[in-house]
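Notes follow the structure.
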Amino acid sequence: MTATDVPFSDAMVQGQGGDQKVTSHAADEKQAAPPMRRRGDRHRQAILRAARELLEETPFAELSVRAISLRAGVARSGFYFYFDSKYSVLAQILAEATEELEEASQHFSARQPGESPEQFVNRMIGSVAAVYANNDPVLRACNAARQSDMEIRDILERQFQVLLRETIGVFEAEVKAGTAHPISEDLPTLVRTLAATTALMLTGDALLVGPDSDAARRVRVLEQMWLNALWGGGKAP
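Each residue of the sequence shown is one higher than the last, beginning at 1 in the UniProt record's numbering.
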């Protein structure tokens, strides 16, 4: 969090529609299609890259389609060919971050044979921290805007629900097998609380982080929180 559970506009360059006569001219058009698609892909990636760059400089509320288009070097009509709005660009960036997170964490796979709870937690939190660091400007911008922007809040919630379902599923299987011992029987609420705290700490939420800028310290605390909350601080049999 796949991340494609989140709906967003993602129009892709399609091939030529309609019937075509099999002529040398049609063959030339077919040969020209791959470069056109590649050029379209470049434009789409340029828009995403421009939005990422601008989020390091500008609050999302002040970000405009015009600014993204200018930075990307595409016309506004070109922007709207791929995305409905700046929100759909953000949704795509977040979807890619979610997919990156799933890949880094081995799609939130269960504990492997011989993998201790400590090793499992280190793997999961380490993967999450690395992806958050890689997408820091975007995630910080979203975190800053979520309280005042309903659309961003909805996008984040949809993404969060994808990850939450997968994470809860992993621990439900552990509890059913008797290999995890959570501190609460309300596993969905417990996991959501842990996951939300993790997300806020890794995006530098001022209330949770305070003046401390040492990310490694925060990661160590998060690891202990998950371990103690889900295994009581002990090792599963």
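Just so you know, even glycine gets a beta-carbon here, dropped at the ideal spot from N, CA and C.
Q. Does the Cβ-Cβ distance between I68 and F81 come in under 8 Å?
A. For the purposes of this step, residue 68 is identified with residue 68 of the sequence shown, where counting begins at 1. For the purposes of this step, residue 81 is identified with residue 81 of the sequence shown, where counting begins at 1. No. Outside cutoff.
Q) How would you write the range of the alpha helix (DSSP H) that S69 sits in, first residue to last? A) The count along the sequence shown starts at 1 and reaches residue 69 at position 69. Looking at the DSSP string, the run of the alpha helix (DSSP H) that includes S69 is V65 to A72.
Q: Figure out for me which residue from P211, A196, S213 and V191 has the closest Cα to the Cα of N228.
A: In the sequence shown, counting from the first residue as 1, residue 228 sits at position 228. Of the listed residues, the one whose Cα sits closest to N228 is V191.
(Q) Under DSSP, the alpha helix (DSSP H) around T98 begins and ends at which residues? (A) In the sequence shown, counting from the first residue as 1, residue 98 sits at position 98. T98: member of the alpha helix (DSSP H) spanning K86 to A104, first to last residue.
Q: Could you pull out every residue in the same chain whose Cβ sits closer than 7 Å to the Cβ of T2, ignoring the five residues on either side in sequence?
A: The residue given as residue 2 occupies position 2 in the sequence shown. Its pLDDT being 39, under 50, T2 is placed unreliably in this model, and the coordinates cannot settle the point.
Q. By Cβ distance, which residues of its chain are closer than 7 Å to T58, with the 5 residues on each side in sequence left out?
A. The sequence position of residue 58 within the sequence shown is 58, counting from 1. Result list for T58: empty, nothing under 7 Å.
Q: Give the C-beta separation of I125 and E223 to the nearest angstrom, bearing in mind that I take them to be a contact with Cβ-Cβ under 8 Å.
A: The sequence position of residue 125 within the sequence shown is 125, counting from 1. The sequence position of residue 223 within the sequence shown is 223, counting from 1. That pair is a contact at about 5 Å.
**Q.** Runs of beta strand (DSSP E) wholly within the segment 171-237 (minimum 3 residues, chain order)
**A.** If you keep only unbroken beta strand (DSSP E) runs of at least 3 residues inside the segment 171-237, you get nothing at all.
Q: Taking all protein chains shown into account, decide if P113 is buried (16 or more other Cβ within 10 angstroms of its Cβ) or exposed.
A: Within the sequence shown, numbered from 1, the residue matching residue 113 stands at position 113. Its Cβ having fewer than 16 others within 10 Å, P113 is exposed.
Q: Give the DSSP-derived three-state secondary structure of F79 in the structure shown.
A: Looking up residue 79 in the sequence shown gives position 79. DSSP places F79 in helix when its eight states are reduced to three.
Q: Could you check the C-alpha separation between R158 and E115 for me, to the nearest Å?
A: Position 158 of the sequence shown, counting from 1, holds the residue named residue 158. Position 115 of the sequence shown, counting from 1, holds the residue named residue 115. C-alpha separation (whole angstroms): 31 Å.
Q. With 16 other CB atoms within 10 Å as the buried threshold, where does P117 fall?
A. Residue mapping note: residue 117 aligns to position 117 of the sequence shown, counting from 1. So P117 ends up on the buried side.
Q: Report buried or exposed for L230, applying the criterion of at least 16 other Cβ atoms within 10 angstroms of its Cβ.
A: For the purposes of this step, residue 230 is identified with residue 230 of the sequence shown, where counting begins at 1. Classification of L230: buried, given that the 10 Å Cβ count is 16 or more.
Q: Consult DSSP for A110 and reduce its assignment to one of helix, strand or coil.
A: Here the question's residue 110 lines up with position 110 in the sequence shown. The answer is coil: DSSP assigns A110 none of H, G, I, E or B.
Q: Measure the alpha-carbon distance for G204 versus R76 and round it to whole angstroms.
A: Residue 204 sits at position 204 when you count from the first residue of the sequence shown. Residue 76 sits at position 76 when you count from the first residue of the sequence shown. Their Cα atoms are separated by approximately 34 Å.
Q. Between residue 286 and A51, which are expected to be in contact by the criterion C-beta below 8 Å, what is the C-beta distance as a whole number of angstroms?
A. Lying outside 1 to 237, the shown extent of the chain, residue 286 is not represented and no answer is given.
**Q.** Nearest to L163 (by Cα), restricted to the options V65, L90, N134 and A196
**A.** Numbered from 1 along the sequence shown, position 163 holds the residue referred to as residue 163. Measuring from the Cα of L163, the nearest candidate turns out to be A196.
**Q.** Anticipated Cβ contact below 8 Å, L70 with L63, distance rounded
**A.** Sequence index remark: in the sequence shown, residue 70 carries index 70 (1-based). Sequence index remark: in the sequence shown, residue 63 carries index 63 (1-based). About 12 Å; that fails the 8 Å criterion.
Q: Taking G232 and I168 to be in contact with their CB atoms under 8 Å, please state how far apart those CB atoms are, rounded to whole angstroms.
A: Residue mapping note: residue 232 aligns to position 232 of the sequence shown, counting from 1. Residue mapping note: residue 168 aligns to position 168 of the sequence shown, counting from 1. The Cβ separation is near 18 Å, so there is no contact.
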